[in-house]
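A.B. asks: First the structure, then my questions, so here it is.
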Amino acid sequence: MTDSGKARIRSLALSVCLILVSVSIVWAGESRIPDSLIKDIQKLDLGRAGYRLCYPLSEEQLRKAEEQSLPPTAEGTFRFKDGDLQIVAEKDSNLVILISEYHKVWSRKAIKDLVGSFTLGYGFPTTTAHGQTLYWFFSADGELLDENNYKDYITQNGNGSVIATIKVQTTSFLRSERDKGKGDGVSSDEPDSGYYLIYSSPILEMFVKQ
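Using our numbering, you'd call the opening residue of the sequence shown number 1298 and step up by one each time.
Right, dumping it as structure tokens:
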């Protein structure tokens, strides 16, 4: 290969590198979410069925978004279905900002399996509300807040210090595995209804308040 040919190849390779760098810079600048918050949430690795909070959608997931699109719920976002999942992502960056499922009929076993999966993956729920809702609250330090200290933590640091939340709500009486001696988790054998959400309140507020 001639020297001029080698020079052209080097020039082309340099151009490709510059383009890739430019694309990554544009991607980072397009998101309205602070980089530090994105990184803190990514460290938690919260997700379901291949979707992870604050991670960009894959090419396959983007194709699914085009095929199964739903009306957006806030400006600057898009929403779609993947099986039972509903996903909300930031339009400019493709970052996942909400993972959810809604069930009009939800079997007792499916609820117990879901709660067990979250407990095994992340720890015992932070708190239970009204006997029908479980919450996992994650701090800016990357820790799952304990039921004994989360109220003091929020009082001292503010609501924005909880950077991510998992919420499970049903029409049955829920207990975490920690309390299974008091009951088996669901109040009856009858089919239930409910939903779960994986989200970041500080991020959602950026879109709701715009």
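Beta carbons are placed, not taken as given, at the ideal position from N, Cα and C, and that holds for glycine.
Bear in mind that the values here come from a model prediction, so they are computed numbers and not experimental data.
Name the two residues that bound the continuous alpha helix (DSSP H) containing R1376.
C.D. replies: For the purposes of this step, residue 1376 is identified with residue 79 of the sequence shown, where counting begins at 1. Counting along the chain, R1376 falls outside any alpha helix (DSSP H), though it belongs to the beta strand (DSSP E) covering 1374-1379.
A.B. asks: What do you reckon, are the CB atoms on E1357 and L1382 nearer than 8 Å?
C.D. replies: On the sequence shown, position 60 is the one that residue 1357 refers to. On the sequence shown, position 85 is the one that residue 1382 refers to. No, the pair does not count as a contact, with Cβ atoms beyond the cut-off.
A.B. asks: Among S1414, K1336, Q1466, whose alpha-carbon lies nearest the alpha-carbon of A1426?
C.D. replies: Residue numbering aside, residue 1426 sits at position 129 when the sequence shown is read from its first letter. Checking every option, the nearest Cα to that of A1426 belongs to Q1466.
A.B. asks: Please confirm whether G1347 and W1403 have their CB atoms less than 8 Å apart.
C.D. replies: Against the sequence shown, residue 1347 aligns to sequence position 50. Against the sequence shown, residue 1403 aligns to sequence position 106. No, they are not a contact pair.
A.B. asks: From what residue to what residue does the alpha helix (DSSP H) around S1498 run?
C.D. replies: Residue mapping note: residue 1498 aligns to position 201 of the sequence shown, counting from 1. Element bounds for S1498: 1498-1505.
A.B. asks: Return the chain-ordered list of same chain residues with a C-beta closer than 6 Å to the C-beta of V1459, the five sequence neighbours on each side being excluded.
C.D. replies: Start at 1 with the first residue of the sequence shown, and residue 1459 comes out as number 162. The residues are F1434.
A.B. asks: Which same chain residues end up closer than 8 Å to A1362 when comparing Cβ atoms and leaving out the 5 residues on each side of it in sequence?
C.D. replies: On the sequence shown, residue 1362 is found 65 positions in, with the first residue counted as 1. Cβ neighbours of A1362 beyond the five flanking positions: L1354, F1375, F1377, I1384, A1386.
A.B. asks: For R1329, name the three-state secondary structure that DSSP assigns.
C.D. replies: Numbered from 1 along the sequence shown, position 32 holds the residue referred to as residue 1329. Three-state DSSP puts R1329 in coil, outside helix and strand.
A.B. asks: Please confirm whether I1394 and I1463 have their CB atoms less than 8 Å apart.
C.D. replies: The residue labelled residue 1394 in the question sits at position 97 within the sequence shown. The residue labelled residue 1463 in the question sits at position 166 within the sequence shown. Going by C-beta atoms, I1394 is not nearer than 8 Å to I1463.
A.B. asks: Would you mind listing the beta strand (DSSP E) stretches within the region 1361-1434 that are 3+ residues and don't spill past its ends, in chain order?
C.D. replies: List check, beta strand (DSSP E) in window: 1374-1379, 1382-1387, 1393-1403, 1424-1426.
A.B. asks: Taking the beta strand (DSSP E) that T1452 belongs to, which residues open and close that run?
C.D. replies: Taking the first residue of the sequence shown as position 1, residue 1452 is located at position 155. Unbroken run through T1452 is the alpha helix (DSSP H), 1447-1454; no beta strand (DSSP E).
A.B. asks: Please say whether I1408 and G1344 have beta carbons closer to each other than 8 Å?
C.D. replies: Here residue 1344 refers to the residue found at position 47 of the sequence shown. Here residue 1408 refers to the residue found at position 111 of the sequence shown. No, the Cβ-Cβ distance between G1344 and I1408 is not below 8 Å.
A.B. asks: Using a Cβ-Cβ cut-off of 7 Å (strictly less than) and excluding sequence neighbours within five positions of D1337, which residues of its own chain qualify?
C.D. replies: Within the sequence shown, the letter at position 40 stands for residue 1337. So the list reads A1437, G1439, I1460, once near-sequence residues are dropped.
A.B. asks: Should T1423 be labelled buried (16 or more other beta-carbon atoms within 10 Å of its own) or exposed?
C.D. replies: Residue numbering aside, residue 1423 sits at position 126 when the sequence shown is read from its first letter. T1423 is buried by the Cβ-count criterion.
A.B. asks: Identify, in the order they occur along the chain, each residue of the same chain with its Cβ nearer than 6 Å to the Cβ of N1454, setting aside the five sequence neighbours on each side.
C.D. replies: Taking the first residue of the sequence shown as position 1, residue 1454 is located at position 157. None.
A.B. asks: With a threshold of 16 other CB atoms inside 10 Å of the CB of S1497, please say whether the residue is buried or exposed.
C.D. replies: In the sequence shown, residue 1497 corresponds to position 200, counting from 1. Per the 10 Å Cβ criterion, buried.
A.B. asks: From which residue to which residue does the beta strand (DSSP E) around T1468 run?
C.D. replies: In the sequence shown, counting from the first residue as 1, residue 1468 sits at position 171. Unbroken run through T1468: none, as it is neither H nor E.
A.B. asks: Taking all protein chains shown into account, do 16 or more other C-beta atoms lie within 10 angstroms of the C-beta of D1489, making it buried, or fewer, making it exposed?
C.D. replies: Here residue 1489 corresponds to residue number 192 of the sequence shown, with the count starting at 1. Classification of D1489: buried, given that the 10 Å Cβ count is 16 or more.
A.B. asks: So what's S1436 in DSSP terms, helix, strand or just coil?
C.D. replies: As a first step, residue 1436 is located in the sequence shown; it is residue number 139 there, counting from the start. Of the three classes helix, strand and coil, the one that applies to S1436 here is strand, per DSSP.
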